[in-house]
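In our numbering, the protein residues as written are 357 to 856.
If you want it as structure tokens, here you go:
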């Protein structure tokens, strides 16, 4: 196991477990209360919500509602969102499927049941045993975390380049917090990392050096990054490559849209490497998965999947037809509005990426949040410097354009489904958590390369310097998680409920 894999597994596992158990019940990640009800209903055998009086509803034991109410009342009346007393009361609750109630889970239809499968599977046993709802929730969080870490570790192991960048993306505080909650984000982010890793592998294996090496060695390891080949990696047979790309792509296509759009990076590679059979095979598999993603998105848009938290602090009218018409009437004006809103949202997004690991924002100094984010970019650039320098011209443009395109798609969908204003006042309220999974793509497409060519830059790539940078990032991520744990448990520290 390589160093970045060990970092993801051990640091991510320890911090993720702390958040899975320490986060206030049903208030970890974002919209967890809604996602948990969908996953619990699946654990009981109901794959999809049922339409009742025009509302997509998941039926769960009434004790679930009682437990959520206990957490809300405690947070409103106590000096901390969590406490041993609250935990004791939650563990004393006994659910029964003889007494049920329905929850509006229409918001969960944006993702297929595949994205909820890990939490639902881990919830099945405690649900069968009528365990306390909080214990069932913990098992669901653990299921998502286990699958997320497994996907991330496999992704880093399969990657042909940018291994440290992928590892840092997996460990980014907000990504890790989402993975440690009941949410489709665990499968979404994990499969996104896996698809990116496979693209870097195809890119490496079919580069000028890789193609020549494959001809000479008959399929032995080929490397175009300027660094030693990935430990234990080799040029996979074509059928295995198709299976890996198709499988990872299908998983991403059935998770939350629109991240599956990154699959277009494989057919885009055909424009410069169409003679490479490996590129053609990977492109075909990715295109098939891309088609599934488009079909799944068309199906999800036929449902009312407005955000569970979009109207939490403001009364919003759900009017997708009106919002869509506003876009089509003035597309260039909307594009300019998106660009402006994105840059306006950056300061708040930076704070969310490191301080808002749930529904309460930690008390870390805002300047420290900026330092951690900028430091993450710099460390990723240095640790993967050779890969960044070799990713040039059209291949780099794929991710520059791709990152911007997915951000535009995210903002467009937010404008259509989570906003009711002409100017898009609410369209960036959740862009922080929507955009941070694109960290690796942003590094590959947008990180500047000229600092890596400056005199003295080689000193920062020494083994000692790399160890220091990895250690510093580990400490920074740990500080972010510990700060939010203090916010959740230490009396008098938690500020007002902020939500998403």
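C-beta: ideal position from N, C-alpha, C; glycine also. All of these numbers come straight from a predicted model, not from anything done at the bench.
Give me the Cα-Cα distance between residue 417 and residue 538, rounded to the nearest whole angstrom. 17 Å
So does the stretch 374-382 actually touch the stretch 493-513, counting three or more Cβ pairs closer than 8 Å? yes
Assuming residue 508 and residue 364 form a contact by the criterion Cβ under 8 Å, report the distance between their Cβ atoms to the nearest whole angstrom. 5 Å
Leaving aside the five residues before and after residue 501 along the sequence, list all residues of the same chain whose C-beta is less than 8 Å from its C-beta, in chain order. 369, 372, 373, 376, 535, 536, 542
Under 8 Å by Cβ, that's how I've got residue 706 and residue 729 pegged, so tell me the actual separation to the nearest angstrom. 5 Å
Is it the case that the Cβ atoms of residue 605 and residue 641 are separated by a distance below 8 Å? yes
On the DSSP bridge list, what partners appear for residue 411? 408
Should residue 777 be labelled buried (16 or more other beta-carbon atoms within 10 Å of its own) or exposed? exposed
Inside the stretch 360-439 only - alpha helix (DSSP H) runs reaching at least 4 residues: 368-378, 388-399, 418-433
Cβ pair count under 8 Å reaching 3, the stretch 809-819 against the stretch 774-790: no
Give every residue of the same chain whose Cβ lies closer than 7 Å to the Cβ of residue 422, excluding the five residues on either side of it in the sequence, and list them in chain order. 449
Going by the DSSP bridge assignment, what does residue 459 pair with across the sheet? 414
Measure the C-alpha to C-alpha separation of residue 396 and residue 632 and round it to an integer number of angstroms. 46 Å
Decide if residue 408 is buried, meaning its Cβ has at least 16 other Cβ atoms within 10 Å, or exposed. exposed
As assigned by DSSP and simplified to three states, the class of residue 718: coil
Roughly how many angstroms separate the alpha carbons of residue 499 and residue 405, rounded to a whole number? 21 Å
Where the alpha helix (DSSP H) through residue 541 begins and ends: 541-561
Would a C-beta distance cut-off of 8 Å place residue 789 and residue 386 closer than the cut-off? yes
Can you say whether residue 720 is buried or exposed, counting buried as having 16 or more other CB atoms within 10 angstroms of its CB? buried
CA-CA distance, residue 689 and residue 672? 23 Å
Endpoints, alpha helix (DSSP H) assigned at residue 595: 594-609
Rounded to whole angstroms, what is the Cα-Cα separation between residue 610 and residue 516? 25 Å
Is residue 403 closer than 8 Å to residue 461 when the C-beta atoms are compared? no
First through last residue of the alpha helix (DSSP H) which encompasses residue 774: Taken as a continuous stretch (DSSP letters only), residue 774 belongs to no alpha helix (DSSP H), as it is neither H nor E.
Please give the ranges of any beta strand (DSSP E) in the stretch 442-524, keeping only runs that are unbroken, at least 3 residues long and fully inside the region. 456-460
Report, in whole angstroms, the separation of the C-beta atoms of residue 626 and residue 559, which I expect to be a contact under 8 Å. Contact flag wrong, Cβ pair sits at about 12 Å.
Report back the beta-carbon spacing between residue 400 and residue 483 to the nearest angstrom; my notes put them in contact at under 8 Å. 6 Å
Hey, residue 380 and residue 431 are a contact pair by Cβ (cut 8 Å); roughly how many whole angstroms apart? 7 Å
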